[in-house]
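Here's the structure we're looking at; comments come further down.
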Amino acid sequence: MARPRPPVRFPPDPYVLALLATVALAALLPARGTAATVADAAQSLAVALLFFLYGARLSTREALDGLRHWRLHLTVLAATFAVFPLLGLAARGLVPGVLTPPLYHGLLFLCLVPSTIQSSIAFTSIARGNVPAAICAGSFSSLAGILLTPLLAAGLLGGRAGGLSAGSLLGIVFHLLLPFLLGQVLRRWIGGFLVRHKKVLGYVDRGSILLVVYAAFSAGVAAGIWHQVGLVRLAALTGVEAVLLAVMLLVTWYGAGRLGFGREDRIAIQFAGSKKSLAAGLPMAGVLFGAQAALAVLPLMLFHQMQLMVCAVLARRRAQDPAGAGSTELPAPRVAEVS
């Protein structure tokens with residue numbers, strides 16, 4: 001007789017708690033004057049560093065090998081950059097009764113962000129799905145998001161995300177695209193160093209994102225944007241995002257089934273196609289929204305914790321499905337990593 005599985009626990013992501021603490025610090029001690037100028041410059045350097053490291057870590061050979069499963073990757077990309085944005089546009093009808101315009105713009109931006117890598121792999125492994133496919137799908141989504149997210153944001157959000165002005169395009173190129181490409185070029189020389197110091201560089205990643213959050217929310221406090229948000233609106237945003245996540249989990253699971261994918265592939269599609277990357281979205285918002293970045297990233301931070309909690313439960317239930325009982329579960333990465 002099989003032993004019962006321990007109950008699924010989903011404590012708050014420690015890094016999300018650190019992000020919330022950073023928001024509180026910005027609310028109490030926002031950067032002003034010269035300090036704000038320094039914080040803004042440091043934020044720009046941090047964003048460039050983040051995307052340089054993203055480029056240096058992405059294995060071009062692994063990405064090309066994953067093209068053999070192109071139908072699965074196209075399905076995940078369609079969920080991430082087509083279905084999600086369409087649902088975000090449909091939510092426009094909730095303004096102004098349920099969501100304020102700034103919160104809606106943040107929700108729509110959330111729908112344009114690429115998928116995660118670490119947590120998609122972890123949940124796919126726990127659920128006994130196709131882990132190699134999840135790795136490639138997350139990598140492809142992150143790579144595509146460097147171009148698609150800013151372009152979609154400029155097209156769907158217009159002036160609220162910088163529009164398609166020369167300044168915004170230069171910001172995308174110099175802060176996101178060029179550092180990423182430089183990382184790809186230098187990967188053959190620094191790849192070994194990155195592998196040997198993966199843990200330390202992980203702290204660099206997280207620290208850079210905390211700096212981006214502090215600068216964004218400091219600018220928001222200085223601009224007085226918090227007068228636009230109350231507990232009722234935050235509760236409404238939570239409810240809307242819960243519905244959004246539920247819809248995407250259903251669409252990716254049953255849609256993959258209708259497309260003829262097997263169980264293991266459906267699991268990879270569900271977990272890679274229903275989540276959004278906090279690590280990629282935060283620095284992008286800093287570049288695209290400027291002083292309005294605080295409200296733009298608030299929905300993404302909330303959705304990130306929600307998706308971890310819900311998918312932790314769902315992955316365990318998928319693992320208990322009779323169809324997956326004979327599969328071998330691979331070691332899963334830590335779910336709590338920001339992605």
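Residues 1 to 339 in full-length UniProt numbering are what the sequence shown lists, from first letter to last. For every residue, glycine included, the Cβ atom is placed at its ideal position computed from N, Cα and C. Just so we're clear, the structure is a prediction, and the values are computed from it rather than from any experiment.
Taken in chain order, the complete alpha helix (DSSP H) segments of 4 or more residues contained in the segment 54-117 are 60-65, 70-78, 84-90, 101-110.
By the Cβ rule, the segment 267-285 counts as touching the segment 104-122, because three or more pairs are nearer than 8 Å.
Non-local beta-carbon contacts of Ala31 in its own chain, meaning distances under 6 Å to residues more than five positions away in sequence, involve Ala39, Ser218 in chain order. Under the 8 Å Cβ criterion, the segment 122-130 counts as touching the segment 301-319, having at least three qualifying pairs. Residue environment analysis places Tyr214 among the buried positions, since at least 16 neighbouring C-beta atoms fall within 10 angstroms of its C-beta.
The Cβ atoms of Ser120 and Phe271 sit closer than 7 Å to each other. Within the segment 278-322, the complete alpha helix (DSSP H) segments of 4 residues or longer fall at 278-289, 293-319, listed in chain order.
Shown here, Arg32 sits in coil according to DSSP, grouped into three states, outside any helix or strand. Membership of Leu237 in the alpha helix (DSSP H) is indicated by the continuous run 231-258. Excluding residues up to 5 positions away in sequence, Leu72, Thr75, Val76, Thr252, Ala256, Phe261 lie with their Cβ nearer than 7 Å to the Cβ of Ile269 in the same chain. In this structure, the beta-carbon distance from Gly183 to Phe52 falls below 7 Å. Taking the Cα positions, Ala18 is about 20 Å away from Thr238. One alpha carbon belongs to Val195, the other to Leu99, and they sit about 44 Å apart. In this structure, the straight-line span from the alpha carbon of Leu107 to that of Leu259 is close to 28 Å. Here Thr37 is not near Leu210, since their CB atoms are 7 Å or more apart. Bounds of any alpha helix (DSSP H) do not take in Leu176, whose DSSP letter is neither H nor E.
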